[in-house]
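Worksheet: the structure to be examined is printed underneath.
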Amino acid sequence: MKLKSRYKQTEVGAIPNDWDVKLLPDVCRFRSGKAHEQYISESGEYVCVNSKFISTDGQVRKYSSVNFCPAYQDDILMVMSDLPNGRALAKAYLVKEGQKYAVNQRVCALTPLRGNIAGYLYYTLNRNPYFLKFDDGVSQTHLLNPVFKKCPVAIPQSPDEQSAIAGALSDMDALLSSLDALIAKKRDLKHASMQQLLTGETRLPGFSSEWEMKRLDQLASIRSGGTPSTSIGRFWDGDIPWCTPTDITQLNGGKYLSKTSRTITREGLLNSSAELIPTNSVVMTSRATIGECAINSIPISTNQGFKNFVPYASTNVEFLYYLLQTQKQGFIRLCAGSTFLEISKTQLAAHEVPLPSSKKEQAAIAKALSDMDAELATLEARRDKTHALKQGMMQELLTGKTRLV
DNA sequence: CTAGCCAGAGAATTTCCACT
DNA sequence: AGTGGAAATTCTCTGGCTAG
Numbered sequence: 001m002k003l004k005s006r007y008k009q010t011e012v013g014a015i016p017n018d019w020d021v022k023l024l025p026d027v028c029r030f031r032s033g034k035a036h037e038q039y040i041s042e043s044g045e046y047v048c049v050n051s052k053f054i055s056t057d058g059q060v061r062k063y064s065s066v067n068f069c070p071a072y073q074d075d076i077l078m079v080m081s082d083l084p085n086g087r088a089l090a091k092a093y094l095v096k097e098g099q100k101y102a103v104n105q106r107v108c109a110l111t112p113l114r115g116n117i118a119g120y121l122y123y124t125l126n127r128n129p130y131f132l133k134f135d136d137g138v139s140q141t142h143l144l145n146p147v148f149k150k151c152p153v154a155i156p157q158s159p160d161e162q163s164a165i166a167g168a169l170s171d172m173d174a175l176l177s178s179l180d181a182l183i184a185k186k187r188d189l190k191h192a193s194m195q196q197l198l199t200g201e202t203r204l205p206g207f208s209s210e211w212e213m214k215r216l217d218q219l220a221s222i223r224s225g226g227t228p229s230t231s232i233g234r235f236w237d238g239d240i241p242w243c244t245p246t247d248i249t250q251l252n253g254g255k256y257l258s259k260t261s262r263t264i265t266r267e268g269l270l271n272s273s274a275e276l277i278p279t280n281s282v283v284m285t286s287r288a289t290i291g292e293c294a295i296n297s298i299p300i301s302t303n304q305g306f307k308n309f310v311p312y313a314s315t316n317v318e319f320l321y322y323l324l325q326t327q328k329q330g331f332i333r334l335c336a337g338s339t340f341l342e343i344s345k346t347q348l349a350a351h352e353v354p355l356p357s358s359k360k361e362q363a364a365i366a367k368a369l370s371d372m373d374a375e376l377a378t379l380e381a382r383r384d385k386t387h388a389l390k391q392g393m394m395q396e397l398l399t400g401k402t403r404l405v
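Everything in the first sequence is counted per the working numbering, starting at 1 for the first residue and increasing by one.
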C-alpha cells in the first residue's frame, strides 16, 4: 500500500494539500500609482511612495501636497519598475497607517480583498521570484497589470495559519529591529566613552597622574606612502601588501588590517616612495577620506593617501588607534586641497593631543574600548545570524514545509 | 621624496520623451 | 494616460602624476 503524500505539486512548487494556489486578483485589488513629481514639496502633507522610499524601507521620504493615489491600511505597495538587476524590483512595503501615503507612478498598491491576509501576502509577495524573473538583466523591467493578474500565490486555506505565519515572520522583524536599536545604542555609548576616556575627562580607577599635551610626532614616527609606476608590470603583484583607502573602508570599522586587494614587489617598493610599515602600526587615510584608521597585523605598504604611525616604545598602539579616531574632525579642519581634502605631514606632525604619560593607563583605556568593540561585534554577529534565520524561516513557512498550526 | 594638483568612475535613482 | 526606453542627475567613493 502506498502512503498518500501530504503535499501536492503545483506551478509554485510543492505545497501542502490544504493550501491553494490562487491568482493575485482572487486575493487583492491592483491599483497603479500616479505621477506626483510636480507636487513634491517639503511641506507636503503626504508621503510620496517611490522606489527609493520602498528600497530604504521607508527611511528616505519625499512629500507631496496632493494625493492622486492614496494607500490604505494593509495595502501592499510594490516597486514595478527598475533598471537591470535592480535591487528594488518587486520590493514591497506594508502600509500600517492609511491617510498618509501617495503612491507614485511605477509603484502599485495591492489592496487585500479580505482582512487579515495582508501580513501573509506581504511576506510572500516581497521580492517574489515570480516577479524577479521578468528582470532579464539587460533591459529595464516594467511589471505591468497583466503580470500581476497572472501572479500565482500559495496560500494556506486556514486564516489562522496565514496569521500564524505572518506573525512568526513579523516577530523576527521585530527582533531584528530591536537588535539594530541595541547596536545603535551601544555604538553611541562607545562614542561617548571614547570622548570621556580619551580626553581624560573621566579617569579609570587607580590612575591619577597628570595628562600632558604632545605632538603626534612625539608618539610615533609618521611615514607616508606612494604608488610604484603603474606602467611597469614588474613592480606589481608581488609579495608585499599595498594598501589604498578602499582597503580601509572595506573593513567597515574593523580594527585590524591583514590583507590588501593589491600587492607590489620589492623592486616596486624600492622604486617608489612607498615604504614598508612594520606590524602593529596605525595606518590612517589622509586624502579624500580623512582619518580612517586600522592597525596592520602584517607588514604593509600604502599609497600616498595615507599617513602611517609607527609607534615609539612609550606609546600603546591600540591607544593610539583610538586616540587618532577622536581627532578626525580636527584633522579635517587642518586639510587643504581644492578638489578633495588632504592633510599635510607637517601639520599632522605638529597636531597636539592629550594623553597619559603612563603606558599602563594607555593600555587600560585601550582595553576598555576594545571590550566595547568586542561586545558590538558579538551583537552584530547575532544580528546577522538572526537575519539568516529569518531567510530560512521564510523558505520553510511560505512553502508549507514547516507548519505552525 | 613630498606637496600639490587634477576630477573621474560607477552605481543608484529620477526625469524626460517619443510613441501607443 | 500608459509604456518602454534612455538620458540626465545625484551620490559615493577614491588614484596617480609631477614640479620642485
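From the three backbone atoms N, C-alpha and C, an ideal C-beta is built for every residue, glycine too. Everything numeric in this text was worked out from a predicted model, so none of it was measured.
Closest residue to residue i among the options (Cα-Cα distance)
| i | options | result |
| --- | --- | --- |
| ILE240 | THR260, ILE264, GLY225 and GLY58 | ILE264 |
| ASP217 | ASP26, TYR321, TYR312 and GLN73 | TYR312 |
| ASN50 | LEU89, ASN67, PRO25 and VAL103 | VAL103 |
| ARG215 | LYS359, HIS351 and GLN391 | HIS351 |
| CYS293 | LEU323, SER273 and LEU269 | LEU323 |
| GLU342 | VAL353, SER286 and GLY291 | SER286 |
| VAL79 | THR141, ASP384 and LEU334 | THR141 |
| LEU94 | SER344, LEU77, GLU37 and PRO16 | LEU77 |
| ASP371 | PHE319, LEU125 and THR199 | PHE319 |
| VAL27 | TYR39, PHE68 and ASN116 | ASN116 |
| SER43 | SER32, GLY33, VAL66 and LEU389 | VAL66 |
| SER357 | LEU219, GLU201, LYS255 and ALA164 | LEU219 |
| LEU83 | SER139, GLN99, GLY233 and VAL353 | SER139 |
Which residues DSSP lists as bridging residue i, in chain order
| i | result |
| --- | --- |
| TYR7 | PRO16 |
| ARG215 | GLU352 |
| HIS142 | SER81 |
| ARG29 | THR111 |
| ARG310 | It should be pointed out that residue 310 corresponds to Val in this sequence rather than to Arg. BP columns for VAL310 point to SER221. |
| TYR93 | LEU77 |
| VAL153 | LYS22 |
| LEU257 | ASN296 |
| ARG262 | TRP242 |
| ASN104 | LYS34 |
| SER301 | TRP242 |
| SER64 | ILE40 and TYR46 |
| PRO70 | ALA102 |
Span separating the alpha-carbon of residue i from that of residue j
| i | j | result |
| --- | --- | --- |
| SER177 | ALA381 | 14 Å |
| MET393 | ASP20 | 20 Å |
| LEU387 | LEU169 | Sequence check: residue 387 is His here, not Leu. Approximately 11 Å between the Cα atoms of the pair. |
| SER193 | LEU369 | 8 Å |
| ASN145 | GLN105 | 13 Å |
| ARG223 | SER281 | 10 Å |
| LEU404 | ALA374 | 37 Å |
| THR378 | SER258 | 20 Å |
| LYS149 | MET172 | 30 Å |
| GLY167 | LEU397 | 11 Å |
| GLY400 | ASP135 | 27 Å |
| ALA118 | LYS186 | 35 Å |
| SER81 | LEU189 | 41 Å |
| LYS62 | PRO16 | 43 Å |
| ILE277 | ILE332 | 24 Å |
| ILE54 | TYR101 | 12 Å |
| ALA35 | TYR46 | 13 Å |
| LYS390 | TYR122 | 15 Å |
| GLY33 | PHE68 | 8 Å |
| GLY58 | ASN252 | 24 Å |
| THR246 | ARG114 | 51 Å |
| PHE207 | LEU198 | 13 Å |
Cβ shell of residue i (< 7 Å), same chain only, five flanking positions each side left out
| i | result |
| --- | --- |
| GLY226 | SER272, SER273, ALA274, ASN303 and GLN304 |
| ASN316 | LYS359, GLN362, ALA363 and ALA366 |
| ARG127 | ALA90 and LYS91 |
| LYS52 | VAL60 |
Sequence-distant residues of the same chain with beta carbon closer than 6 Å to residue i, five excluded per side
| i | result |
| --- | --- |
| THR244 | ASN303 |
| PRO156 | TRP19 and GLN162 |
| ILE183 | LEU379 |
Residues near residue i in its chain [Cβ-Cβ closer than 8 Å; skip 5 each side]
| i | result |
| --- | --- |
| PHE340 | ARG287 and ALA288 |
| LYS307 | ILE222, ARG223, SER224, MET284, SER286, ILE343, LYS345 and LEU348 |
| CYS335 | ILE290, LEU341, GLU342 and ILE343 |
| LEU23 | LYS149, LYS150, CYS151, PRO152 and VAL153 |
| MET1 | Any reading at MET1 is ruled out, since the residue's pLDDT is 49, under 50, leaving its predicted position unreliable. |
Where residue i falls, given that 16 or more other Cβ within 10 Å makes a residue buried
| i | result |
| --- | --- |
| PRO112 | buried |
| GLN327 | buried |
| TYR120 | buried |
| SER64 | buried |
| GLU11 | exposed |
| ASN296 | buried |
| ALA71 | buried |
| TYR256 | exposed |
Proximity test, residue i beta-carbon vs the ligand MN heavy atom, cut-off 8 Å
| i | result |
| --- | --- |
| ALA174 | With respect to the ligand MN, the structure offers nothing, as it holds no ligand at all. |
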